[in-house]
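Mapping to the numbering used here: the sequence shown position 18 is 19, numbers consecutive. Glycine included, every Cβ here is placed at the ideal spot set by N, Cα and C. Please read these numbers as outputs of a predicted model, since none were measured by experiment. Structure, as structure tokens:
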Amino acid sequence: MPLFEKKPNETCSEAESMIEPVRRFLAGDHHAFESIRVHLEPLIQSVISPRKRYFYLDQVDDVRQDCWIEVIQKLKYWDPARGTLKSFMYKCVQHCVTNYFRRSQYFSKFIASDDLEDRLSTLAEEAQPSFELELAIKNRINSNVARYIMGRVVIATYLKVFDKTRSKLVQDVARSGLVSPR
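Written as structure tokens, this is what we have:
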């Protein structure tokens, strides 16, 4: 559908009624913005509302304000011959919300340098006792405890192998009929 055609849910008078307030606003009449805002605020809500679950509560108003700022900055580029104000604004608002998500994903990967220094110093302090504990455990294991544990592992392995061999031997003898199985 070409941009300059009338949208199915928009009348010609609705599209034409916004031309005059936009011209007045661009000429410097800030009272004309109120009629633009009343007419187009539901559009911003319709773009932001489905994405509210991805924002923190205090960010919804910030995103809405960013969208209005972007629309005001780009309003001078709107051409009524190419499309309605709603379609123009819808694209601006979508672009603003998408940029917000891109920025938040990009900056979420970074840590402030002050926080990083605090975290590193805290980690160094916490790591020292655990390092000393690890050394103490290794020294203990290398002594008599390690020999005892290794001896128990060898015995357990031998018993496991012996048990498998013994049960197989009992089954073979039982099949031959010399001894009844238990």
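Of R176, M90, D59 and T85, the smallest CA-CA separation from Q74 is found for M90. Here the alpha carbons of E35 and S50 stand approximately 22 Å from one another.
A straight line joining the alpha-carbon of V39 with that of V94 spans about 16 Å. Ranking S168, S18 and H96 by CA distance to the CA of V72 puts H96 first.
In the three-state DSSP reduction, P22 falls in the helix class (H, G or I). The beta-carbon distance between P81 and I20, rounded to whole angstroms, is 5 Å. This is short enough to meet the 8 Å contact definition.
For D62, the enclosing alpha helix (DSSP H) starts and ends at Q60 to K75.
Collapsing the DSSP output to three states places A28 in a helix.
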